[in-house]
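Q:
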């Protein structure tokens with residue numbers, strides 16, 4: 005029997021395993037609950053009407069269509085029978101494995117306040133992004149028709165909770181939309197007066213960057229009109245707005261970029277997890293007692309970065325995927341010695357808005373317009389395929405040249421009866 | 005007071021009125037329940053994963069942003085107070101008018117069988133298109149995991165009800181997807197064996213074209229693997245499939261392209277309507293007794309094509325919009341004599357699949373690859389703005405060259421809790 009590899013999750017980690025096993029004597033099954041691989045680093049641009057959904061997503065089975073040994077299944081995994089080496093699916097289906105890779109990622113988390121989700125959606129899937137886009141654009145539309153100045157101000161106040169890269173990128177993109185792209189389109193409101201408020205519980209934005217890059221990002225955001233509130237935890241989210249510190253802020257759009265929680269993979273295989281639900285794995289990325297099970301990416305935690313935890317970013321998931329593929333290959337060749345994973349940090353990137361970004365390559369630090377160009381070229385480079393590179397480049401150049409965003413569509417408002425019934 | 009024009013509906017007709025009034029001494033309010041103008045002739049390509057949503061839709065307020073006399077409102081009209089010349093909105097809002105243009109279009113209709121809609125969705129909005137795309141792609145995914153051959157066959161049977169241009173274009177696009185684009189992506193099914201069945205109650209497909217073009221379209225569809233059933237009305241649609249004539253056909257995807265019903269505009273202004281709900285208007289497109297109210301496009305019916313009814317196509321709506329704008333201008337200039345509308349038919353176009361289309365310009369008829377190129381160039385020409393022309397051209401050239409569709413995304417499966425609550 006050919007060695008059977010099951011990969012759960014077709015994000016950066018899962019796909020890297022599949023790519024790393026090209027030509028190996030294995031059969032591979034990729035299981036994902038979505039039919040597409042998503043380029044998450046640009047998801048906030050779908051949420052802010054810069055890019056279209058199809059520009060940053062690829063059907064998984066299309067990506068691997070030439071690898072006849074790979075089967076792609078659309079399905080939701082509910083557990084793993086480690087005794088019988090079988091993955092269990094929601095609809096009763098199952099998939100047996102010799103090697104199992106769990107790369108199921110994370111979702112945003114509310115620190116025990118899941119009741120905030122309806123009021124403060126996060127950004128992890130294409131549906132999240134179109135829902136956020138809808139919410140932002142609809143708020144401008146409602147403000148245009150609102151005559152009460154207090155209600156109108158709440159509709160024109162956009163709160164972003166969390167000052168990491170996602171929060172900073174969202175705040176910058178919304179400020180740019182309101183202050184630069186939309187003015188002139190409305191008759192009763194001045195979108196330049198919209199407030200964009202970024203709330204961060206810590207002492208500075210972009211805490212994973214060096215202090216001087218944080219300070220630069222802070223100043224850039226303020227120059228774009230973003231109000232930054234530091235050292236203040238959000239204590240309440242509701243339909244009326246947020247309470248942070250002891251101050252209430254009336255706002256109709258609240259976006260959550262403050263925390264993530266790993267998928268249930270740790271529980272499936274009985275592993276201990278950290279506070280965010282990430283499975284604690286062995287130095288070779290396997291589950292303790294189950295050398296045939298690997299857990300990688302956002303759903304795992306490992307101190308493999310000179311003793312520090314590996315960060316939850318795309319390059320880390322890719323490196324882990326490559327490591328797993330190499331380990332499986334060595335075992336197929338008869339070498340079963342554990343291979344410890346070591347993370348190599350290439351750098352941190354975050355964009356703040358038009359012509360402003362920060363990059364921390366360790367020894368080299370870049371900021372401003374040069375960083376912005378490097379950021380843009382790097383992201384186009386890492387997109388898959390010429391088709392989407394051309395499409396994203398066209399979208400960006402268009403906005404850069406004309407200042408108008410092409411994807412300002414409000415959709416998905418009602419669920420059609422047809423959809424409800426099936 | 006400046007003359008106030010209210011336009012309800014920003015389709016081809018409504019926008020043509022606004023364009024025709026450029027520079028006139030009027031204030032204009034455009035009301036639409038969507039925030040975007042939609043290029044409906046290409047909507048079936050969103051439904052079949054050829055184009056992205058943002059490639060055929062434009063935010064209305066962006067299109068008219070430079071016309072400071074135009075106010076755009078997102079809202080749903082529920083009625084018209086003709087006495088007080090006021091349009092009533094669902095949320096209690098209202099808009100007074102001196103001239104009113106109702107250009108509210110149509111939706112698909114089920115000839116008294118609205119209970120079929122959940123099983124046989126139609127194609128009129130972007131949401132319709134993404135829902136249909138999801139349904140088509142999900143059926144292939146489910147077939148890939150289905151082991152029972154009978155259930156699998158039903159998942160791989162696609163029924164299109166209605167042999168007009170929309171039905172023909174959908175059937176051709178689905179056949180092309182199944183038989184040319186998807187093969188090689190699945191491991192357990194052969195998508196080339198998928199059945200695409202086009203059911204038409206009349207005696208031939210494309211009944212609005214000449215008989216020889218109908219026959220050509222019929223032969224082209226069959227060459228692409230579409231099964232055509234003529235002279236058979238659909239008597240039942242359910243989760244299991246359709247019954248047509250007295251034959252049942254097991255099918256999990258049924259698409260409705262058989263009939264339309266006009267919006268409620270006729271009822272708002274107390275006009276008689278035809279069987280499809282279209283308001284019967286005066287020869288100058290006004291409502292009887294209300295020369296200040298115009299009804300145009302798919303929501304009106306008028307025998308202004310050498311005594312025959314004007315067809316429900318984009319060029320007809322545009323011509324009516326231009327006529328209304330001209331009438332309002334003449335009245336502002338003091339000439340109140342009624343101006344009869346006369347429809348000029350430019351031609352009928354329909355595409356059948358890659359390198360096949362039919363065009364009927366009256367004296368000149370074109371079919372085959374030349375018609376296909378004319379069809380493509382004409383549609384790119386009629387798109388608004390360089391941005392979307394480039395994007396659509398890129399999408400088409402890419403598919404033409406590589407045979408892979410870029411928009412094969414299954415989205416909008418679940419409504420997120422965040423969306424349900426608001």
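Residue numbers (our numbering), protein chains in the order written: chain B, 5 to 426; chain E, 5 to 426.
Where a beta carbon is used, it is the ideal one built from N, C-alpha and C, also for glycine.
Bear in mind the structure is a predicted one, so any value in this text is a computation, not a measurement.
Residue 81 of chain B lies in the beta strand (DSSP E); which residues open and close that run?
A: Its beta strand (DSSP E) spans residues 81-85.
Q: Near residue 101 of chain E, which residues of its chain fall below 6 Å by C-beta distance, leaving aside the five closest residues on each side in sequence?
A: Contacts found: 8, 10 and 89.
Q: Is there a Cβ of chain B sitting closer than 7 Å to that of residue 402 of chain E, yes or no?
A: It does: the Cβ of residue 402 of chain E has a partner Cβ on chain B nearer than 7 Å.
Q: Please confirm if residue 410 of chain B has its CB atom under 7 Å from at least one CB of chain E.
A: Answer yes: the Cβ-Cβ gap between residue 410 of chain B and chain E drops below 7 Å somewhere.
Q: Going by C-alpha distance, which of E/234, E/227, E/233 and E/257 is nearest residue 241 of chain E?
A: Checked all of E/234, E/227, E/233 and E/257; the closest Cα to residue 241 of chain E is E/257.
Q: Kindly indicate the opening and closing residues of the alpha helix (DSSP H) around residue 145 of chain E.
A: That run of the alpha helix (DSSP H) goes 130-149.
Q: Please report the Cβ distance between residue 55 of chain B and residue 399 of chain B, rounded to the nearest whole angstrom; I am assuming they are in contact, meaning their Cβ atoms lie under 8 Å.
A: Indeed, because the Cβ distance is near 6 Å, the residues count as touching under 8 Å.
Q: Quick one: is residue 191 of chain E near chain B, going by C-beta distance under 7 Å?
A: Yes, contact with chain B.
Q: Express the C-alpha separation of residue 359 of chain B and residue 373 of chain B in angstroms, rounding to a whole number.
A: Rounded to whole angstroms, residue 373 of chain B to residue 359 of chain B spans 4 Å at the Cα level.
Q: Can you list, in chain order, the residues of its chain whose CB lies under 6 Å from that of residue 24 of chain B, leaving out five sequence neighbours each side?
A: Result list for residue 24 of chain B: 326 and 329, in chain order.
Q: Counting C-beta neighbours from all protein chains within 10 Å, is the total for residue 14 of chain B 16 or more, i.e. buried, or is it exposed?
A: Buried.
Q: Does the count of Cβ pairs from the stretch 343-350 of chain E and the stretch 218-236 of chain E closer than 8 Å reach three?
A: Judged by Cβ distances under 8 Å, the stretch 343-350 of chain E makes no contact with the stretch 218-236 of chain E, as fewer than three pairs qualify.
Q: Would you kindly check if the distance between the Cβ of residue 75 of chain B and the Cβ of residue 130 of chain B is under 7 Å?
A: Contact: no.
Q: Tell me, please, which residues DSSP counts as bridged to residue 427 of chain B.
A: For residue 427 of chain B there is no data in the structure shown, the boundaries of chain B being 5 and 426.
Q: DSSP state of residue 408 of chain B, grouped into three classes?
A: Three-state DSSP puts residue 408 of chain B in coil, outside helix and strand.
Q: Could you check if residue 228 of chain B is buried or exposed, using at least 16 other CB atoms within 10 Å of its CB as the buried criterion?
A: So residue 228 of chain B counts as buried.
Q: So, does the CB of residue 66 of chain E fall closer than 7 Å to a CB anywhere in chain B?
A: Yes, its Cβ sits closer than 7 Å to a Cβ of chain B.
Q: With a threshold of 8 Å, are at least 3 pairs of Cβ atoms found where one atom belongs to the stretch 306-326 of chain B and the other to the stretch 134-141 of chain B?
A: Counting Cβ pairs under 8 Å, fewer than three are found: no touch.
Q: Less than 6 Å between the CB of residue 133 of chain E and some heavy atom of the ligand GDP, yes or no?
A: Within the structure as shown, the ligand GDP is missing, as the structure has no ligands at all.
Q: If you count every other CB in all the chains shown that lies within 10 Å of the CB of residue 404 of chain E, and 16 or more means buried, which is it?
A: Per the 10 Å Cβ criterion, exposed.
Q: So with CB distances below 7 Å, who are the chain B contacts of residue 268 of chain E?
A: Within chain B, no residue comes near residue 268 of chain E; the closest Cβ sits about 17 Å away, beyond 7 Å.
Q: What are the boundary residues of the beta strand (DSSP E) that residue 245 of chain B is part of?
A: It spans 245-248 - the beta strand (DSSP E) in which residue 245 of chain B sits, taken as one unbroken run.
Q: Anything in chain B within Cβ reach of residue 145 of chain E, meaning under 7 Å, just list it in chain order.
A: Here the neighbours are 39 and 78.
Q: Would a C-beta distance cut-off of 7 Å place residue 260 of chain B and residue 61 of chain B closer than the cut-off?
A: Taking 7 Å as the Cβ cut-off, residue 260 of chain B and residue 61 of chain B do not qualify as a contacting pair.
Q: Residues in the stretch 96-119 of chain B with C-beta within 7 Å of chain E's C-beta atoms, listed in sequence order?
A: Hits within the stretch, in order: 97.
Q: Would you mind telling me which residues of chain B sit closer than 7 Å to residue 153 of chain E, beta carbon to beta carbon, in chain order?
A: Result: empty, since nearest Cβ-Cβ is about 17 Å, beyond 7 Å.
Q: Tell me the residue span of the alpha helix (DSSP H) that contains residue 21 of chain E.
A: That run of the alpha helix (DSSP H) goes 16-24.
Q: 7 Å is my cut-off, CB to CB: does residue 58 of chain B come that close to chain E?
A: By this cut-off, residue 58 of chain B is an interface position.
Q: Rounding to the nearest angstrom, what Cα-Cα distance links residue 392 of chain B and residue 49 of chain E in this structure?
A: C-alpha separation (whole angstroms): 18 Å.
Q: Where does residue 348 of chain B sit, in a helix, a strand or coil, going by DSSP?
A: If DSSP states are grouped into helix, strand and coil, residue 348 of chain B belongs with coil.
Q: Can you name the residues of chain B whose CB is closer than 8 Å to the CB of residue 61 of chain E?
A: Going along chain B in sequence order, the residues near residue 61 of chain E (Cβ under 8 Å) are 413.
Q: Cβ closer than 7 Å: which chain B residues qualify as neighbours of residue 141 of chain E?
A: Under the 7 Å cutoff, chain B gives 39.
Q: With 16 other CB atoms within 10 Å as the buried threshold, where does residue 39 of chain E fall?
A: Per the 10 Å Cβ criterion, buried.
Q: Where do the N-terminal and C-terminal ends of the alpha helix (DSSP H) with residue 322 of chain E fall, by residue?
A: 318-336 is the span of the alpha helix (DSSP H), which, as asked, contains residue 322 of chain E.
Q: List the endpoints of the continuous alpha helix (DSSP H) containing residue 427 of chain B.
A: Any answer about residue 427 of chain B is impossible in this case: the structure gives chain B only from 5 up to 426.
Q: Does any residue of chain B bring its CB to less than 7 Å from the CB of residue 131 of chain E?
A: For residue 131 of chain E, the answer is yes, since a Cβ of chain B falls inside 7 Å of its Cβ.
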